[in-house]
Amino acid sequence: MSTMWHGCLAGTDYFEMRSSGGHDYGVWVTTPPGYDPATTRTPAVYVLDGNWAVGMTAPLIITQADPMQRIQPYIQVSVGYAGEEAQHWDRLRNRDLVPPGEPIAKELVDAVEMGVRMGARTREESDAYLAELRDTHADAFLRFLTAELHPRIERDYGTATSGHGLFGYSYGGLFSLYTWLTGCTLFESIGAGSPGVASEDSQIFAQLQEMGDRHHAAQLHVTLNERELLGDLAIYQSLTKNTATVLHRLTSRGGAVTSAVLRETHVTGLQTSFLSYLRTCRAR
C-alpha cells in the first residue's frame, strides 16, 4: 500500500488473492496499535464489501484503546475486489453475498429501474447488476473465506485459534445471516447490518425452517435503520419487515441473538452498524 494510504489507514497491509473458483479479491488487513503476534495472538474480524467499507470501519480499530468503552483486541480483515473489477464491486457482491436460489424481489427491480430513470445507473449497468442476482454463490464465497483466506491470515498474522468475527451490511448483512444459519463454526460472533432480506420467499426463511429448534453457539447481532422503516422506499420497507420477522422467530426460541434500531438511512448506517456490533459482541 502506498505511503499516502498508510497515512489514512495506519497499520494496514493490502494484498490480492485468487480463489479456487477463479475470482480475484482485494484484502486489507488492519492490525491494532502495537500488535505483536509473538506476544499476543489476536482474533480476526472479517468485514465484507471492503472497497466501500474499509475506509469507514478500519479506523475504528482504535476503539481497542478507548478508556471509556474498550473493545476486545481484533485484527480487521476487509475483503473486496481487486484490479479493474474493483470498480464493479457493487454488482459483483451480488454474486458472492447472496444465497443460492435467492429470489429477486419486485421491490428491488423497481428500485434499480428508478435508479436508471434518475441517472444513477445506465441501462447496461442495471442489466449487469440484475444479471449477477440470477446466479448467486454465497456458499462458494463462504468456503473461500473459511477454507482459503482464513488459513492465510492465520499463517501470516499469527491470529488466535478462536474468537473470530464476521460483519456484513446490506447484502453483506444477508450473507452474515446466511452464514450464521449454516452453523459455521469459524465465527464466534456475527454482525448483520440491515440485511437484504428483500423477499418474503428468501432462502433465509428456508434456512430458519431447516434449523428447527436447534441453537447456534455464535452470537448474532442484527441492526436496522429507523429511516428504512419510516421512509417511503418500498425496498427498504420490505427488508426491515422481513428482517423483523426473522428476528421474531429467532428471539422466540432464545439463544444468543441481539438487535438494535439505529437512527440512520440505509446508506449512512454502515459505520454505525459496525460500531454497534463491536459494542455488543466484542466489548471487554
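Be aware that the sequence shown starts at 119, since it is given in our numbering, and climbs by one per residue. Backbone N, C-alpha and C fix where the C-beta goes; we use that ideal spot for every residue, glycine too.
*asked:* If contact is defined by three or more beta carbon pairs under 8 Å, each pair taking one atom from either stretch, is the region 206-220 in contact with the region 179-187?
replied: no
*Quick one: what does DSSP say D131 is sitting in, helix, strand or coil?*
strand
_Is it buried or exposed, A238, if we count other Cβ atoms within 10 angstroms and call 16 or more buried?_
exposed
*If you count every other CB in all the chains shown that lies within 10 Å of the CB of A171, and 16 or more means buried, which is it?*
buried
_Considering just the uninterrupted stretch of the alpha helix (DSSP H) at A310, what are its terminal residues?_
From DSSP, A310 is part of no alpha helix (DSSP H) but of the beta strand (DSSP E) over 305-311.
*So is T157 buried or exposed if we call it buried at 16+ other beta carbons inside 10 Å?*
exposed
*asked:* Contact defined as beta carbons within less than 8 Å: I believe T73 pairs with I189. What is the distance between those atoms, to the nearest angstrom?
replied: Nothing about residue 73 can be reported from this structure: the residues present for the chain run from 119 to 402 only.
*Alpha carbon to alpha carbon, what distance is there between D142 and R136?*
4 Å
*What did DSSP end up calling Y192 once you bin it into helix, strand or coil?*
coil
*So what's Y143 in DSSP terms, helix, strand or just coil?*
strand
_Secondary structure of M122, DSSP reduced to three states_ = Its pLDDT being 47, under 50, M122 is placed unreliably in this model, and the coordinates cannot settle the point.
*Taking R367 and L326 to be in contact with their CB atoms under 8 Å, please state how far apart those CB atoms are, rounded to whole angstroms.*
6 Å
*asked:* If we require 3 or more residues per run, which beta strand (DSSP E) segments fall completely within the region 258-292?
replied: 282-287
*asked:* Short of 8 Å in beta carbon distance, which residues of its chain neighbour Y247, apart from the five on each side in sequence? Order them along the chain.
replied: D208, R209, N212, V230, R239
*Taking Cβ positions, are S371 and G276 nearer each other than 8 Å?*
Per the sequence shown, the amino acid found at residue 371 is Arg instead of Ser. No, the Cβ-Cβ distance between R371 and G276 is not below 8 Å.
*Opening and closing residue of the alpha helix (DSSP H) in which A246 lies*: 241-250
*With distances taken between CB atoms, is the gap from A256 to G139 smaller than 8 Å?*
no
*Hey, could you find the ends of the alpha helix (DSSP H) Q205 is sitting in?*
From DSSP, Q205 is part of no alpha helix (DSSP H); its letter is neither H nor E.
*Have a look at R400 and L284 and give me their C-alpha separation to the nearest angstrom.*
11 Å
*Cα separation between T390 and S317?*
25 Å
*What's the C-alpha gap between S356 and N169?*
26 Å
*Where do the ends of the alpha helix (DSSP H) carrying Q355 lie?*
352-369
*Taking Cβ positions, are E405 and A265 nearer each other than 8 Å?*
Since the first and last residues shown for the chain are 119 and 402, residue 405 lies out of range.
_Please list the terminal residues of the continuous beta strand (DSSP E) segment that includes S377._
375-380
*Rounded to whole angstroms, what's the CA-CA distance from E243 to E250? Just pull it up for me.*
11 Å
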